[in-house]
Amino acid sequence: MMLFLIFLFVDLSVVGIFYAVYGRRRTYSEGMLMGVHLPESAVSGEEVGRLMERYHARTKRFYFWNLAAVILMGGLCFWRESVFIIVWSVWLLEMCIGAVVLLNRTHRKLYDLKVERGWIGSTGSRIMAADTKTAAQSAESGIRPRWHILFLMLILLPCFFPRVREYLNGDEGGWILLLCSLAVGAAFGVLHAVLLRMPNKVYSEDSGLNLEVNRMQKNVWSWIMTGCGFFNAAAYLSVILSMNDEAWISSGAYIVYVVLEGIPIVFFLLGFLYIQHRKERLLAQNTAPLYTDDDVYWKNGWYSNPNDKRVFVQDWACSWNYTVNMARPAGKAWMAAGIAVTAVFLIWLCVEMVKIDFVPIRMEVQEDGISITSGYTDLSLSYGEILGVRLIDELPEDEYRRTNGVSDSRQNIGRFKGKETGKCRMFLYTGYEPILEIDTEDGPVYINSETDGETENWYEEIHSFY
1 MMLFLIFLFV DLSVVGIFYA VYGRRRTYSE GMLMGVHLPE SAVSGEEVGR
51 LMERYHARTK RFYFWNLAAV ILMGGLCFWR ESVFIIVWSV WLLEMCIGAV
101 VLLNRTHRKL YDLKVERGWI GSTGSRIMAA DTKTAAQSAE SGIRPRWHIL
151 FLMLILLPCF FPRVREYLNG DEGGWILLLC SLAVGAAFGV LHAVLLRMPN
201 KVYSEDSGLN LEVNRMQKNV WSWIMTGCGF FNAAAYLSVI LSMNDEAWIS
251 SGAYIVYVVL EGIPIVFFLL GFLYIQHRKE RLLAQNTAPL YTDDDVYWKN
301 GWYSNPNDKR VFVQDWACSW NYTVNMARPA GKAWMAAGIA VTAVFLIWLC
351 VEMVKIDFVP IRMEVQEDGI SITSGYTDLS LSYGEILGVR LIDELPEDEY
401 RRTNGVSDSR QNIGRFKGKE TGKCRMFLYT GYEPILEIDT EDGPVYINSE
451 TDGETENWYE EIHSFY
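Residue numbers (this note's numbering): 1 to 466.
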């Protein structure tokens with residue numbers, strides 16, 4: 001159920017972000033419609049109107065059916081997690097590719113229509129436009145990124161408490177939580193610094209208006225990044241400070257953690273929408289617009305300009321996103337590397353999930369010890385490491401929490417921590433008895449089998465050597 005709820009939240013966020021960035025209704029702004037420079041008279045014409053209406057209708061259908069499909073496929077969580085992850089990965093690829101293709105195809109149709117009709121976006125347009133006053137003040141806007149150093153220090157502060165150090169030393173899940181919080185906090189800090197160092201964009205011959213628009217965008221993004229860093233630190237502190245004397249963290253604390261970590265997503269969405277709205281209002285006052293008609297380099301939806309030495313350029317579809325110059329060898333290399341890394345990761349993830357679901361739990365009893373194998377993790381124990389062995393009818397009554405591994409309706413495999421039991425390892429099929437309990441210095445190991453009598457045979461074989 002928890003996996004279903006987590007992915008439901010992720011899916012709603014993904015579809016919402018994609019719709020806000022790629023699917024929203026496109027308006028005529030800065031002399032452009034869908035990244036194509038057009039005269040205002042052409043935008044209000046019948047041809048462009050029909051094209052945009054078809055695009056908006058297809059966009060609504062695309063996002064509606066993708067949202068409906070991903071919610072329905074969440075039911076696979078209750079059957080086989082591996083099947084769900086594979087289907088979800090395919091959906092994510094379809095979502096990403098479909099959203100970009102839908103946008104770029106309409107962009108190309110609009111560009112072809114512009115060329116066919118001989119429309120000119122703006123007179124005297126230039127490939128590069130410079131406003132030295134605006135450019136000189138590129139680094140003078142927004143909250144400073146140094147605040148993220150404070151947030152990272154707050155995350156590290158609990159490490160000075162003896163109870164927290166014991167928790168980190170005794171539970172690898174604690175280190176994972178700490179390192180993830182630090183990594184996310186550092187990422188927000190780096191992104192904050194990059195956004196503030198982005199060159200100011202020239203919109204008008206009026207330097208004052210250019211400064212106002214660029215300053216507004218950087219101020220808003222700096223507040224968003226600062227808020228994201230703050231709530232990331234608050235999420236970690238809320239979990240770690242709720243820990244009791246036995247180093248136990250309640251389920252409620254983790255719920256609070258997820259909620260706090262979800263707030264940055266809301267910040268991004270609301271911030272993006274506010275920036276777009278505010279920018280449109282400011283540029284509505286623009287009496288001397290300055291446009292750069294470089295549509296020929298964007299005609300296929302991506303940037304390809306052999307005369308531009310830049311590798312990374314601002315994306316036409318999303319002003320705070322950057323893309324690569326496909327006419328540069330380095331740009332092609334970056335794109336190929338990104339696709340390759342993504343493909344390898346998704347294939348690896350799907351293979352690992354299939355192993356977890358379809359590789360059976362096995363135990364081999366040998367003269368020098370035992371060896372347990374499964375689809376997720378393996379374990380080898382010598383007889384000197386075994387403190388005791390017994391058969392039990394069911395798992396001891398306790399509140400168990402998985403620190404790594406898999407836990408679903410079929411099986412529990414990996415490292416767990418019980419409120420009373422403490423650290424333990426499980427290799428268990430749900431609903432099968434008896435269970436073999438193997439006591440070790442690192443906590444008990446629980447294992448059973450789907451085959452009748454096999455668990456009892458393991459017990460007898462171990463006793464013959466132990």
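For every residue, glycine included, the Cβ atom is placed at its ideal position computed from N, Cα and C.
Which residue's Cα is closest to the Cα of residue i: the options?
i    : options                : result
L67  : F9, G375, I85          : F9
F161 : Y111, I240, D357, M225 : I240
S44  : R54, T59, M335, Y28    : Y28
I275 : D398, E212, P39, N307  : E212
G208 : D398, N325, T287, V406 : T287
G467 : A20, L113, I17, Y63    : In the structure as shown, the chain begins at 1 and stops at 466. Residue 467 is therefore absent and cannot be evaluated.
Y376 : N325, G405, G35        : G405
G369 : I438, P434, R281       : I438
R468 : W248, I447, G331       : There is no way to answer for residue 468, as the model of the chain reaches only from 1 to 466.
A20  : S250, G75, L103, A69   : L103
T323 : A343, V344, A340, W298 : W298
What is the C-beta distance between residue i and residue j, in whole angstroms, given that I count them as a contact (C-beta under 8 Å)?
i    : j    : result
M363 : W458 : 5 Å
G443 : M426 : About 11 Å; that fails the 8 Å criterion.
T430 : S464 : That pair is no contact at about 29 Å.
H148 : G185 : 6 Å
P39  : W119 : 6 Å
K109 : L33  : Rounded, the Cβ-Cβ distance is 12 Å, inconsistent with contact.
L395 : I435 : 6 Å
E94  : M353 : Not really, about 19 Å apart at Cβ, beyond 8 Å.
S371 : S380 : 5 Å
Among residues of its own chain, excluding the 5 on either side of residue i, which ones have a beta-carbon nearer than 6 Å to its beta-carbon?
i    : result
S449 : T455
V256 : S238
I263 : F231
T59  : G23
G142 : L196, K218, N219, S222
K355 : G375
A253 : V239, S242
Counting C-beta neighbours from all protein chains within 10 Å, is the total for residue i 16 or more, i.e. buried, or is it exposed?
i    : result
P145 : buried
M153 : exposed
H358 : The question names His, but residue 358 in the sequence shown is Phe. F358 is exposed by the Cβ-count criterion.
Q411 : buried
Q217 : buried
W468 : Since the first and last residues shown for the chain are 1 and 466, residue 468 lies out of range.
C159 : exposed
D245 : exposed
T106 : buried
T451 : exposed
M128 : Bear in mind that the predicted position of M128 carries a pLDDT of just 44, short of 50, making it too unreliable to give a figure here.
K468 : Residue numbering for the chain in the displayed model covers 1 to 466; residue 468 lies beyond these limits and cannot be assessed.
So, at 7 Å on beta carbons, what are the nonlocal neighbours of residue i in its own chain, with the 5 sequence-adjacent residues on each side left out?
i    : result
S13  : I265
G174 : Y167, L168
F267 : I224, G227, C228
Please list, in chain order, all residues of the same chain as residue i whose beta carbon is under 8 Å from its beta carbon, the five residues on each side excluded.
i    : result
R25  : H56
V385 : For clarity, residue 385 is Glu in the given sequence; the question names Val instead. Cβ neighbours of E385 beyond the five flanking positions: G369, T440, E441.
T421 : P396, D398, Y400, G443, P444
M335 : V324, M326
I86  : C350, M353, V354
Please list the segments of the beta strand (DSSP E) lying wholly inside the stretch 272-337, counting only runs of 3 or more residues, in order along the chain.
312-314, 322-324
For the stretch 7-42, which segments carrying the alpha helix (DSSP H) assignment without a break, of at least 4 residues, lie completely within its bounds, in sequence order?
none
What are the complete alpha helix (DSSP H) segments, minimum 4 residues, inside the stretch 350-387?
none
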